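Reviewing the structure listed below.
Chains as they are written, first to last, in our numbering: chain A, 3 to 421; chain B, 3 to 421.
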């Protein structure tokens, strides 16, 4: 039997040693390693496909759903997309070494707040094997060592990809152990990993709310959380109703399974009669089921009655809860009570309503006259992301390269002491 | 018997409601409340002294040490200092609402990263009652609701101070429950508090390493940690030895009981014979006990031999471990192996050594030619601090008002959708 705690501690130590070297590695070496990684993914795609075939066989035998199997499946196109993902990271600016702020004290001391890598990042993820390549590339570019712990369905694929990436990176000049993969699928190997606070600085779980909760419960290492996205669009009394309809349709149907899709539509009572019939017809044309409050049903009688659970639901599906609210304040109270502080939008032409909504709604991203679907690293111009955080600390919203860094103070003097 | 979990949940909910209102409270209202708080502390000092007398009686009966009783004791001067501390916070700039960064996307979307309060902050602290006033003031100014949980020795003092502050703040316009005090000293009331992740956003424990570890172990809320300060000064071969001596004396003896005092002195072998005899004489004159490696003892024979434990020790006392190292690399390796990533200094005139030390030593604050004692919110110009963080995430080093905030994205468009 493997002593996971002992093996993981050794792995953690190696990661810490790699992190020490990565922290001061030049951008040129990092980019060269990333280039080698992308080339290796392309050159050794056959190996990856073979490993993936083993996972797919296991998945079919275990009776996994078609959707799960699709998420797991690799093909030459998806492998090429992985390599292209790494190419994109090469072109992103290296965040390390940036002086965030610098000032001088009256005693002549120069203080600089400088951007540095976090150190060692643990990624705990489920099913999709491309996460292995995406996160390894982002961690390397930001100067962090990474410890990858993928789900057991994708074990062979992840192991193959991680091995290929690590080999290529090291050959091109990255320190050994910059990219490590936890080679055990056993669940009992997770808890000791989450206790390695001496060696791992941050855990990013990517997967279901249940996974994130479990990780948070057990971990003594800080965890970046993404619980869920119960996102709202509030159509204000002064909204451009045509724009509101366009935004609502986009937020609900463009990709209903994503965390930044709208789950609840709030409509100001002054415009509900004018707005609701049209938007409900269009949403239904796209296959969306509508569940509404009594006031909605007064306008469109055949809407299914919404229950208390509907206000809290993250459907991730073509279902929409709709509520008529008497005021901006009522809309904001609804969002504070039922929302998940992820992405919430107002559609309005009223400056005061826009200002108040932006100031008072405490979500990672607040949108004025734009779709919640735009809460995304690419839409924000970050180039790539390791996910969206609903944590309030360290990183909030889309996490790009900068969110994989922290800072330190570099204080330079000529003999200053504490008086 | 009190059902702590239930009571604390109610307290958490009230704090969350207060936080919603505090987030958009004007600086004028916050400053007015702080002014009222300082005045109330002064006007009601007699009440505070009476409560403190009850604590002191209990402390003497429990046989607490003289040092502990001193930390606990309030007198008119210390109460005035508390009020002055609040006056200082009034004069600090309100961090809330600052646009940290703003940019425009090709599709016309305007994205602003805006500084906002964290929300609800839980402070878990031991003995010194002035923490109640300091943290309540800093949290209010930064727009956060605060839940205070002090140690049982100072229970009456803390409760009195918190009550007076809360009453004054609310009368002056702060929302009710902005400042709450946990009125139970029972240890079993702590765990449920640390699980209130729905209502509390951040826990800052202020106390011993044991307290911080326990809180980290139990909490599902992010914790800002301050474990310990095993701080180093490295005297390089190219050091100005007079400056090195001045810095070493300051770092060790100016206040040995603080976390940013030097615990280990590292000296480059090229200058050990020249530097050590003099500095050891001066340190001994200040009452410092020296424990050295063999090379130190070769230069100053009557030095006590240092053991492995000495390299890891946080003495917080007039004891110093001294080691001769053959190179800058060896010094940095020692710091990486034994240090606590708190405050580490190099004394050197070599630009390359300074650059490498600053880049490669991964501590909250790295000092070049200055004393480690300067890692401090006042020395950095923050005006006040809630403590120093050795966590790497969210806040590192001295935590002032800015470190009590987070950010959100405010995205403004004219109908942009996800394509």
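Ideal Cβ positions, reconstructed from N, Cα and C, are used throughout, including at glycine. These figures come from a predicted structure and were not determined experimentally.
Apart from the 5 residues on each side of it in sequence, residue 92 of chain A sits with its Cβ closer than 8 Å to the Cβ of 33, 36, 37, 40, 143 in its chain, given in chain order.
In terms of CA proximity to residue 237 of chain A, A:253 leads the group A:227, A:253, A:231. Counting other Cβ atoms within 10 Å of its Cβ, residue 276 of chain A stays below 16 and is therefore classed as exposed. Taking 9 Å as the Cβ-Cβ cut-off, the region 280-313 of chain A has no residue approaching chain B.
For residue 411 of chain A, no alpha helix (DSSP H) run applies; the uninterrupted beta strand (DSSP E) run containing it begins and ends at 407-418, by DSSP.
Under the three-state reduction of DSSP, residue 295 of chain B is assigned to coil, being neither helix nor strand.
Judged by DSSP secondary structure, residue 105 of chain B falls within the beta strand (DSSP E) whose first and last residues are 101-106. With a 10 Å radius around the Cβ and a threshold of 16 neighbouring Cβ atoms, residue 283 of chain B comes out exposed.
Here residue 141 of chain B carries a helix assignment [DSSP, helix/strand/coil]. Listed in chain order, the beta strand (DSSP E) elements of length 3 or more contained wholly in the region 169-250 of chain B are 181-183, 204-208, 233-237. Here the C-alpha atom of residue 26 of chain A lies approximately 21 Å from the C-alpha atom of residue 392 of chain B. In the DSSP annotation of this structure, residue 316 of chain B is not part of any alpha helix (DSSP H), being labelled neither H nor E.
Below the 8 Å Cβ cutoff, chain A contributes 416, 417 as neighbours of residue 245 of chain B, in chain order. Residue 5 of chain B has its alpha-carbon roughly 46 Å from the corresponding atom of residue 350 of chain A.
Listed by position along chain A, the residues whose Cβ is nearer than 7 Å to that of residue 252 of chain B are 419, 420. Per DSSP, residue 18 of chain A is one residue of the alpha helix (DSSP H) stretching across 6-24. Beta-bridge partners assigned by DSSP to residue 369 of chain B: A:413, B:347. Within the region 355-375 of chain B, 360, 361, 362, 364, 365, 366, 367, 368, 369, 370, 371, 372, 373, 375 place their CB atoms closer than 7 Å to a CB of chain A, listed in sequence order. C-alpha of residue 121 of chain A to C-alpha of residue 198 of chain A: approximately 13 Å in a straight line. Residues are counted here when their Cβ sits less than 7 Å from a Cβ of chain B; for the region 21-32 of chain A these are 22, 25, 26, given in chain order. Nearest neighbour of residue 319 of chain B by Cα position, chosen from B:245, B:107, B:164, B:292, turns out to be B:292. For residue 24 of chain B, the closest alpha carbon among the candidates B:132, B:47, B:46, B:145 is that of B:145. Neighbourhood of residue 398 of chain A in chain B, by CB distance below 7 Å: 408, 409, 410, in chain order. Fully contained in the region 39-88 of chain A are the following alpha helix (DSSP H) runs of length 4 or more, in chain order: 47-63, 68-74. For residue 308 of chain B, the three-state secondary structure derived from DSSP is coil. With a cutoff of 8 Å on beta-carbon distance, residue 42 of chain A and residue 193 of chain A are scored as not near each other. Pairing residue 167 of chain A with residue 50 of chain A, the inter-Cα distance amounts to about 11 Å. In this structure the region 241-250 of chain B does not lie against the region 337-344 of chain B, because fewer than three pairs of beta carbons, one per stretch, are closer than 8 Å.
Under the Cβ distance rule, residue 169 of chain B does not count among the residues neighbouring chain A, no pair being separated by less than 8 Å.
At least 8 Å separates the CB of residue 277 of chain A from every CB of chain B. In the three-state DSSP reduction, residue 112 of chain A falls in the strand class (E or B). For the set B:152, B:219, B:138, the Cα lying nearest the Cα of residue 181 of chain B is the one of B:138. Cβ-Cβ distances below 7 Å link residue 352 of chain B to 238, 240 in the same chain, with the five nearest sequence neighbours on each side left out; the list follows chain order. The Cβ atoms of residue 290 of chain A and residue 321 of chain A sit closer than 8 Å to each other. Residue 205 of chain B sits away from residue 190 of chain B, with the two beta carbons spaced by 8 Å or more. Rounded to the nearest angstrom, the Cβ distance from residue 366 of chain A to residue 396 of chain A is 12 Å, too far for a contact under 8 Å.
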